[in-house]
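Q: Mind having a look at this structure? Questions to follow.
So this is what it looks like as structure tokens:
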């Protein structure tokens, strides 16, 4: 069963919360981070993307970046921007985007649950990305980017959260992207005990929705500190990592699309080869977004196409039926020569939040040669695959809204 526990969060003051909170480090590049943080000394990007405070061209993985992150983090603490709660609490974090609201529980999840697969995964991780987050966590001695988890809806947890959210939040603001954020502190002992007991006794597992690399890194840092501690008890803060847990019925997955730099030596032959496994028809930009499973959009030579996968192009197993698998097995690998999209530099991934216009823009600019738009994976598909012990192809899911960094941090 799932183990969660309260913790003494490091949080910004109510007046500064909107200026501190930022998008996660991995949804932007250095230039974008610098632009977002410009003129805002409170922005948490000074911690999560500390290279923006170093000379241009600094290697983002250099020791200087991690050292600067630690310095900036301590500065926010010392100047009173961030303050640690006096006693362990749970927290409730609500986000509203385009009229849809999702309400999550902020807690510490167990490192042992991660290794024992009580926390279920659906993606492989890349060692270099894990190492980056390990270096960052060890430098700042904190979990500053929460892991996005989901779980089967639970009436007990829902009831306590409803009670908590009936009061005024301690943070309440709308970010520059139009998403509304609210945070409540759960500090009553009975409420904390009720929620933690419900997870331990009624919720068999949780699932990583977003943040596989952060979760793997936090778990490995925890194991490393366990080995280094001669008086290890299992109760130390490093045995737990920062997470936000949302009931599965409140979440939505967006499409996660692909762009490819070249046609692998193919030109006019590409459409003919694709037609062996897809029904192809021309469409316009207003109708290019896939409306159902096994429909794909393709942008090539300033023209949108609809690709409808024929039955023989896929299998009905949980992995084979995914559109990301159909695209990989029928086009990306055999035709465009992209055998491993996790490591091939000729492919890039574009979250659905950016819209199909971004795909066309990158092809029209000459940066990319072709783009593919996909129908979103369902949350049930994600959970079924995780339950089976399998993993999805890389970059299969894109969740919105993104959790903000800086609203809640966990010192270990």
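Numbering (the working numbering), first residue to last: 6 to 417. Just so you know, even glycine gets a beta-carbon here, dropped at the ideal spot from N, CA and C.
1) Measure the beta-carbon distance from residue 114 to residue 245 and round it to whole angstroms, keeping in mind my assumption that it falls under 8 Å.
2) Can you check DSSP and say which residues form a bridge with residue 373?
3) Provide the residue span of the beta strand (DSSP E) that contains residue 312, from first to last.
4) Kindly give me the distance between the Cβ atoms of residue 261 and residue 400, rounded to whole angstroms, as I take these residues to be in contact under 8 Å.
5) Contact between the segment 151-169 and the segment 202-214 is defined here as three or more beta-carbon pairs at a separation below 8 Å; is this criterion met?
6) Taking all protein chains shown into account, decide if residue 285 is buried (16 or more other Cβ within 10 angstroms of its Cβ) or exposed.
7) Suppose contacts are defined by Cβ-Cβ distances below 8 Å. Is residue 109 in contact with residue 247 by that definition?
8) Using only CA atoms, which one of 41, 104, 377, 266 lies nearest to residue 279?
9) Using the beta-carbon count (16 or more within 10 Å), is residue 60 buried or exposed?
10) Using a Cβ-Cβ cut-off of 7 Å (strictly less than) and excluding sequence neighbours within five positions of residue 66, which residues of its own chain qualify?
11) Going by C-alpha distance, which of 20, 403, 411, 10 is nearest residue 213?
12) For residue 41, which of helix, strand or coil comes out of DSSP?
13) Excluding the 5 residues preceding and the 5 following residue 47 in the sequence, name in chain order all residues of the same chain whose CB lies nearer than 7 Å to its CB.
14) Express the C-alpha separation of residue 183 and residue 34 in angstroms, rounding to a whole number.
15) Please name the residue or residues paired with residue 261 in a DSSP beta bridge.
16) Helix, strand or coil for residue 213, going by three-state DSSP, please let me know.
17) Report the partner residues of residue 102 according to the DSSP bridge assignment.
18) Give every residue of the same chain whose Cβ lies closer than 6 Å to the Cβ of residue 242, excluding the five residues on either side of it in the sequence, and list them in chain order.
19) Out of 330, 353, 150, which has the shortest C-alpha to C-alpha gap to residue 375?
20) Within 10 angstroms of its Cβ, does residue 335 collect 16 or more other Cβ (buried), or is it exposed?
21) Spatial neighbours of residue 393 within its chain, please: CB distance less than 7 Å, with the 5 preceding and 5 following residues excluded, ordered by chain position.
22) Which class does residue 285 belong to by DSSP, given the choice of helix, strand or coil?
23) Comparing alpha-carbon positions, which option in 68, 220, 319 lies nearest residue 117?
24) On the DSSP bridge assignment, give the partners of residue 83 in chain order.
25) To which residues of the same chain is residue 313 closer than 7 Å at the C-beta, ignoring the five residues directly before and after it?
A: Concretely, from the data shown:
1) Taking the chain shown and counting its residues from 1, one reaches residue 114 at position 109. Taking the chain shown and counting its residues from 1, one reaches residue 245 at position 240. Contact holds; Cβ gap of about 6 Å.
2) Reading the chain shown from its first residue, position 368 is the one you call residue 373. None, per the DSSP bridge assignment.
3) Walking along the chain shown from the start, residue 312 turns up at place 307. That run of the beta strand (DSSP E) goes 308-314.
4) In the chain shown, counting from the first residue as 1, residue 261 sits at position 256. In the chain shown, counting from the first residue as 1, residue 400 sits at position 395. About 5 Å separates the two Cβ atoms, so the contact holds.
5) The segment 151-169 vs the segment 202-214: in contact.
6) In the chain shown, residue 285 corresponds to position 280, counting from 1. By the 10 Å Cβ count, residue 285 comes out exposed.
7) Locating residue 109 in the chain shown gives position 104, counting from the first residue. Locating residue 247 in the chain shown gives position 242, counting from the first residue. The answer is no: Cβ separation not under 8 Å.
8) Start at 1 with the first residue of the chain shown, and residue 279 comes out as number 274. Per the Cα distances, 377.
9) In the chain shown, residue 60 corresponds to position 55, counting from 1. Looking at its Cβ environment, which holds fewer than 16 other Cβ atoms inside 10 Å, residue 60 is exposed.
10) The residue labelled residue 66 in the question sits at position 61 within the chain shown. Only 137 meet the Cβ criterion.
11) Here residue 213 corresponds to residue number 208 of the chain shown, with the count starting at 1. Ranking the options by Cα distance to residue 213, first place goes to 403.
12) Translated into the one-based positions of the chain shown, residue 41 becomes position 36. Helix.
13) Reading the chain shown from its first residue, position 42 is the one you call residue 47. Only 21, 24, 25, 86 meet the Cβ criterion.
14) In the chain shown, the residue the question calls residue 34 occupies position 29. In the chain shown, the residue the question calls residue 183 occupies position 178. Within the model, the alpha-carbon separation for residue 34 versus residue 183 is close to 21 Å.
15) For the purposes of this step, residue 261 is taken as the residue at position 256 of the chain shown. BP columns for residue 261 point to 356.
16) As a first step, residue 213 must be located in the chain shown, where it is residue number 208. In the three-state scheme derived from DSSP, where H, G and I count as helix and E and B as strand, residue 213 is classed as strand.
17) As a position in the chain shown, residue 102 is number 97, starting the count at 1. The partner list for residue 102 (beta bridge, DSSP) reads 105.
18) Translated into the one-based positions of the chain shown, residue 242 becomes position 237. Excluding positions up to five away in sequence, the list reads 417.
19) Residue 375 sits at position 370 when you count from the first residue of the chain shown. The option with the nearest alpha carbon to residue 375 is 353.
20) The residue labelled residue 335 in the question sits at position 330 within the chain shown. Answer is buried; the Cβ neighbour count reaches 16.
21) Here residue 393 refers to the residue found at position 388 of the chain shown. Closer than 7 Å at the Cβ level, and outside the excluded window around residue 393, lie 323.
22) Start at 1 with the first residue of the chain shown, and residue 285 comes out as number 280. Strand.
23) Within the chain shown, the letter at position 112 stands for residue 117. For the residues 68, 220, 319, the minimum Cα distance to residue 117 belongs to 220.
24) One-based indexing of the chain shown puts residue 83 at position 78. None; residue 83 has no bridge partner.
25) For this step, residue 313 is matched to residue 308 along the chain shown. The residues are 283, 284, 299, 300.
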